[in-house]
Amino acid sequence: MLTKKGKYGLKALIHLARLPVGQLAFVGDIATGNNIPKKFLDAILGELRNAGFVQSRKGKEGGYRLARPADEIKIGHVVRVLDGPLAPIPCASRTRYQRCEDCNEATCQVRHLMLEVRQAIAEVLDQRSLAEMRDIAGDDDLSAALKIQA
Amino acid sequence: MTGRANSIVPNSIVIVGGGASGVVLAAHLLKSPNPDLRVTLIEKRPHFGQGIAYSTLLSAHVLNVSAAGMSAYADDHGNFWRWLLERGLATPAQAPVYAPRSVYARYLKELLDELEARETGRLRLIREESLSISPTGSGVEVALANGTSVVAHIAVLATGHDEEPGAGHGHAIRMGSDADTVLDPEARVLVLGTGLSMVDAFLSLEQRGHRGEIIAVSRRGLLPSPHRKGNPIKLDVADIPLGTQLSYFVGWFRDLIRENQKAGIDWRDIVDGLRPFNQKIWQNWPSSAKRRFVEHTKAWWDIHRHRMAPEVYGRVTEAVQSGRIRLVAGRVVGINAGDEFTVEVQSRHTQNIETFDVARIYDCTGIARDISTTSNSVVRSLVDRGLARPDPLRLGLDVSQLRGDRQRRHRLGQDPGGRAADPRHLLRDRRHTGHPHTVRAAEPAAAGLRYEVGALRRPLCPAGHLPLKGGDRQFQRPVSLQRWRLAKADVRSDLPP
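As you go down the protein sequences, you meet chains A and B in turn.
Take 1 as the starting number for the first sequence in the UniProt record's numbering and just add one per residue.
Take 1 as the starting number for the second sequence in the UniProt record's numbering and just add one per residue.
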């Protein structure tokens, strides 16, 4: 499941991917530009830095930038760093397995199917790069749906 | 040739090198039902399937992987084990069995004999040395030492590892080569390397009745670990952090081992559980992580990943404890040749220089070697004419990323990163380092023909290295000719004259 942390991290990376190569962005700008709480964003960017996706510079002129070209950074790689193993439900993971209180995982068909689903998630997310995600055009269907709602 | 010649189906393949990898690849290719498939296997040695790795007759030279992991077929893991059982060479109670490599050579020979009898039209074996590979209009031409040549759509390099000592190892010789003449049994010898090749050299010396001291020198002086019976843990690719910096990955992996050890699981089961993903992990690392891995982590990874049979480990550790083998962590800084060699070794820890007078120096440094200095004439022919080049880490030939989605495939000369921009003929990835290693693709790119030999997950590297760590073969998949296309003429401006 993509948590808020994962979603915010991806948005911040897209923000950085839009910058000219080498230019740094202030955390404050990224936070206000994407509606992300600044403190949370600090923590997220720190983790992304440890994993080698972004670089930071301290000081007045400081900020963050991508450590690698946006087409080399895969979405699945980022999500694993922020949210842990890709898994639709917490029990469908092998290294971060969390037992469900209410079922027997050995016979749980839901879990078995979800183990397959996570392969599909990895398949999709590991193929798409940050650059591709950045360049995805706006969703026309969504604006139509919003109109209907209104 | 102009335009796209989509009508040419690349169905003739020449495999240069008929060692274990070449034979196994041929076996997989011939699984295809295509009646027009033509596989030509070229080997300079008298016997196919042996290469350097399996030509040893010494019974102490056993496989470094148990029989259960040595099947020649990706989809039939128990093939070799059953073969052993059927011939009474092992009993089920003995598992895990570490069979002598000569027995494995026999297994491959029988496998090839069977193929030869069955595939009279599709398989052709040639016992001859290959000299060079040249691109032609529709594929490649392999020139042989007898003056003839073989024409095919695709050439696969399965030439194994260098038979000559590496540059800079001036006075060192390979164990078992012509230069390895009779030696005074009491003489002290020096071995460059402390890995599985060194262990093989030690076993050979023992066999010859050699009793002198063996000084084994490597940067860290680490000895590989022994195997132990276990069950690799199960992982999915969704569990593994890909594409991160090396330190992040190593941290994750250490944590994983720690957690599992708390549950009483041996570290070997985690190392082996990661194995199916090694190639993927390697490919997804940024180049900085790859470089760091080779520089700092590889030696540690190697001794945990490439292990030896428990009995062999017992013999080696006994020799180390008794002083017969002396492991030295350091660097050779000078060699003076006289009647004997005086070798100066600078200690890794104290920086002090220690001198050893030895009668012989054996090169057991393994297979990582700058391909541009290779002594192999076929590879030379490609490198010298600019048809191939070393990969950025100088571990093998630069091969392009031919997997998965088309957008990421590098076009000739157009790769923005300057990475595999000019890749040609296949294959060879770095299995010896334990990480990802594959036989990925062969690519007579100069001819403009692009194709992919499919996701054969790791096979073609084992031959040529005595400590054949061939276990990964179980992850091989059948090779299929998935894609090919002719590149446009304008990207072929770099054709050789």
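Just so it is clear, CB atoms sit at the ideal spot from N, CA and C, and this is done for glycine as well.
As the structure is a prediction and not an experimental result, all values here were calculated from the model.
Item                                                                                                                                                                    : Value
DSSP on N336/B, reduced to helix/strand/coil?                                                                                                                           : strand
Using only CA atoms, which one of G62/A, V124/A, K39/A, A87/A lies nearest to G9/A?                                                                                     : K39/A
Identify which residue in N336/B, N376/B, I214/B, L205/B has its Cα closest to the Cα of G170/B.                                                                        : N336/B
Report the neighbours of L256/B on chain A: residues whose CB is nearer than 8 Å to its CB, in chain order.                                                             : T95
Would you be able to state if there are at least three C-beta pairs under 8 Å between the region 110-123 of chain A and the region 71-88 of chain A?                    : yes
Decide if P20/A is buried, meaning its Cβ has at least 16 other Cβ atoms within 10 Å, or exposed.                                                                       : exposed
Look up A95/B in the DSSP assignment and say whether it is helix, strand or coil.                                                                                       : coil
I'd like to know if T297/B contacts chain A, where contact means its C-beta is closer than 9 Å to some C-beta of that chain.                                            : no
Grouping DSSP H, G and I as helix and E and B as strand, with all else coil, what is I30/A?                                                                             : helix
Within 10 angstroms of the Cβ of C103/A, are there 16 or more other Cβ atoms? Answer buried if so, exposed if not.                                                      : exposed
Mind checking who R38/B pairs with in its DSSP beta bridge?                                                                                                             : S12/B
When you compare the CB of K234/B with every CB in chain A, is at least one pair closer than 9 Å?                                                                       : yes
Just verifying my parser: in three-state terms, what is the DSSP assignment at V378/B?                                                                                  : helix
Residues of chain B with CB under 7 Å from E101/A, in chain order?                                                                                                      : Within chain B, no residue comes near E101/A; the closest Cβ sits about 21 Å away, beyond 7 Å.
Could you work out which residues of chain B lie near I73/A, taking near to mean beta carbons separated by less than 8 Å?                                               : G243
Check the DSSP bridge columns for D357/B and list the partner residues they point to.                                                                                   : T342/B
Of the residues H210/B, P185/B, V65/B, which one's Cα is nearest the Cα of L196/B?                                                                                      : V65/B
If contacts are defined as beta-carbon pairs under 8 Å, then I42/B and I15/B qualify, I think. What distance do you get, rounded to the angstrom?                       : 7 Å
Following a CB-centred definition, is A12/A positioned closer than 8 Å to any heavy atom of the ligand FAD?                                                             : Annotation note on the ligand FAD: not contained in the displayed structure, which lists no ligands.
Just the C-alpha distance for G17/B and W282/B, rounded to the nearest angstrom, thanks.                                                                                : 26 Å
Our contact map puts V23/B next to F48/B with C-beta atoms below 8 Å; I'd like the distance itself, whole angstroms only.                                               : 6 Å
My output table needs one value for K39/A: the three-state DSSP class, helix, strand or coil.                                                                           : helix
Please state whether the Cβ-Cβ distance between E105/A and R96/A is less than 9 Å.                                                                                      : no
DSSP three-state call for residue 499/B: helix, strand or coil?                                                                                                         : Past the boundaries of the shown model lies residue 499/B; chain B is included only from 1 to 497, so the question cannot be answered.
Taking the alpha-carbon of D384/B as reference, which of S372/B, P232/B, D391/B has the nearest alpha-carbon?                                                           : S372/B
Along chain B, in chain order, which residues have C-beta atoms closer than 8 Å to that of H77/A?                                                                       : P241, L242, G243, T244, N284
Between the beta-carbon of I133/B and the beta-carbon of L393/B, is there less than 9 Å?                                                                                : no
Enumerate in chain order the residues of its own chain whose CB-to-CB distance from L30/B is below 8 Å, with the five nearest sequence positions on each side excluded. : L37, V39, L115, E119, R122, L123
Taking the CB atoms as reference points, tell me whether A152/B and E141/B lie closer together than 9 Å.                                                                : yes
Is there contact here, the region 187-203 of chain B with the region 217-224 of chain B, by at least three beta-carbon pairs under 8 Å?                                 : yes
Under the assumption that L246/B contacts T297/B (Cβ atoms under 8 Å), give the Cβ distance between them as a whole number of angstroms.                                : 7 Å
Quick one: residues in its chain with C-beta nearer than 6 Å to the C-beta of A36/A, no 5 flanking neighbours on either side, listed in chain order?                    : Note that residue 36/A corresponds to Ile in the displayed sequence, not to Ala. Excluding sequence neighbours, I36/A sits near Y8.
Are the beta-carbon atoms belonging to L222/B and L395/B less than 9 Å from one another?                                                                                : no
Taking 9 Å as the CB-CB limit, is V237/B close to chain A?                                                                                                              : yes
Closer than 9 Å by beta-carbon distance: list the chain B residues that pair up with P110/A, in chain order.                                                            : Inspection of the sequence shows that residue 110/A is occupied by Val rather than by Pro. Correct list: empty, because the minimum Cβ distance to chain B is about 17 Å.
Roughly how many whole angstroms lie between the Cα atoms of R331/B and V343/B?                                                                                         : 10 Å
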